[in-house]
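Colleague: Residue numbering for the sequence shown follows the working numbering, starting at 506 and increasing by one per position. Where is the CB? At the ideal position from N, CA and C, for every residue including glycine.
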Amino acid sequence: MSGAFGKTIKQADLDLAFLTTPGEDLVPKLLMQLASLPAFTALFGPYKPANNQQRWAEYQRFDWSVRQLPTINVFESQTEEKQSDNAYYTGTVSIQIFWQPNQRREDLRQMQTTMKGIIQNFFSSDYVKVMMDEIYFIQRPAKVYGLNEFGKQLTWSPNVEGLVENEMVPITIVDIRYRIDLRAWYRALEFMNRTKENPFVVTLSDLNTIGGEYDGIIGTDPSDVKVIVPDQITVANP
Numbered sequence: 506m507s508g509a510f511g512k513t514i515k516q517a518d519l520d521l522a523f524l525t526t527p528g529e530d531l532v533p534k535l536l537m538q539l540a541s542l543p544a545f546t547a548l549f550g551p552y553k554p555a556n557n558q559q560r561w562a563e564y565q566r567f568d569w570s571v572r573q574l575p576t577i578n579v580f581e582s583q584t585e586e587k588q589s590d591n592a593y594y595t596g597t598v599s600i601q602i603f604w605q606p607n608q609r610r611e612d613l614r615q616m617q618t619t620m621k622g623i624i625q626n627f628f629s630s631d632y633v634k635v636m637m638d639e640i641y642f643i644q645r646p647a648k649v650y651g652l653n654e655f656g657k658q659l660t661w662s663p664n665v666e667g668l669v670e671n672e673m674v675p676i677t678i679v680d681i682r683y684r685i686d687l688r689a690w691y692r693a694l695e696f697m698n699r700t701k702e703n704p705f706v707v708t709l710s711d712l713n714t715i716g717g718e719y720d721g722i723i724g725t726d727p728s729d730v731k732v733i734v735p736d737q738i739t740v741a742n743p
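(1) Where does VAL532 fall in DSSP's three states?
(2) Just list the residues that DSSP pairs ARG682 with in beta bridges.
(3) Taking the alpha carbon of SER599 as the point to measure from, which residue in GLN625, VAL669 and ASP686 has its own alpha carbon closest?
(4) Just mark THR576 as buried or exposed, buried being the case when its beta carbon has 16 or more other beta carbons within 10 Å.
(5) Count the other CB atoms, across all protein chains shown, that sit within 10 Å of the CB of LYS745; report buried if there are 16 or more and exposed otherwise.
(6) Thinking C-alpha only, which one of PHE580, ILE623, ASP680 and SER630 is nearest GLY528?
(7) Quick check: the Cα distance between ARG682 and ASN653, rounded to an integer number of angstroms?
(8) Residues in its own chain within less than 7 Å of ASP530 by CB, not counting five upstream and five downstream?
(9) Going straight from the alpha carbon of PHE655 to that of ALA547, what length do you get?
(10) Check whether the Cβ atoms of VAL633 and LEU659 sit closer than 8 Å, and answer yes or no.
(11) Roughly how many angstroms separate the alpha carbons of GLN615 and GLY622, rounded to a whole number?
(12) With a Cβ-Cβ cutoff of 8 Å, do THR677 and MET620 count as a contact?
(13) Within a Cβ cutoff of 6 Å, which residues of the same chain sit near ARG566, ignoring the five residues on either side of it in sequence?
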């Protein structure tokens with residue numbers, strides 16, 4: 506922390522103090538799924554979160570070196586939109602691939618088209634299906650709470666160039682739309698022992714007593730009625 510620039514805030518600090526948006530882990534889990542494919546790690550090397558020396562970035566990075574190319578950026582981009590608490594939260598994830606500047610134009614054109622097809626096939630595969638949230642209590646490492654659509658709409662931007670170390674390099678850009686069902690997200694909050702009304706505090710985890718009452722009804726039947734009522738109810742939090 507430098508006094509000249511104020512207090513440095515890290516994501517871990519925010520995660521500890523608050524509960525943020527349902528799509529917070531969308532990009533990290535997408536990177537995890539991409540890096541689980543041997544073909545992607547053969548092209549970009551292994552993925553190590555929060556490592557600036559690798560050829561993967563989870564933000565819009567432009568300070569690559571030519572020696573690192575090809576590299577890949579995966580990040581949330583464009584405008585995000587929330588319609589209502591009972592509807593959807595929509596946004597866009599962008600994938601940018603920086604290629605070497607010495608590629609022949611005819612080879613590069615075919616490579617970019619091929620990469621667009623690879624990404625399209627990826628978003629139709631089980632690698633993305635396991636990220637979806639069909640019901641809150643089904644747990645998977647790649648699952649994103651509330652994720653309802655991912656990859657149904659893709660936009661490819663051909664013939665794009667960018668600057669890396671004063672060299673113009675070709676870039677493949679694919680934008681992927683996603684949709685998060687906020688109703689599913691609020692159901693997932695309860696699974697995390699939180700509520701929509703107070704999502705920043707774990708208020709449900711200390712539930713250990715359930716109470717109730719039995720009201721008798723006056724009747725004319727003279728027969729004895731025997732009802733066995735357990736005197737203890739076990740409550741288990743998942």
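Modeller: On the basis of the supplied data:
(1) helix
(2) THR597
(3) GLN625
(4) buried
(5) The question about residue 745 has no answer here: the residues shown for the chain are numbered 506 through 743.
(6) PHE580
(7) 11 Å
(8) VAL649
(9) 25 Å
(10) no
(11) 11 Å
(12) yes
(13) ASN578
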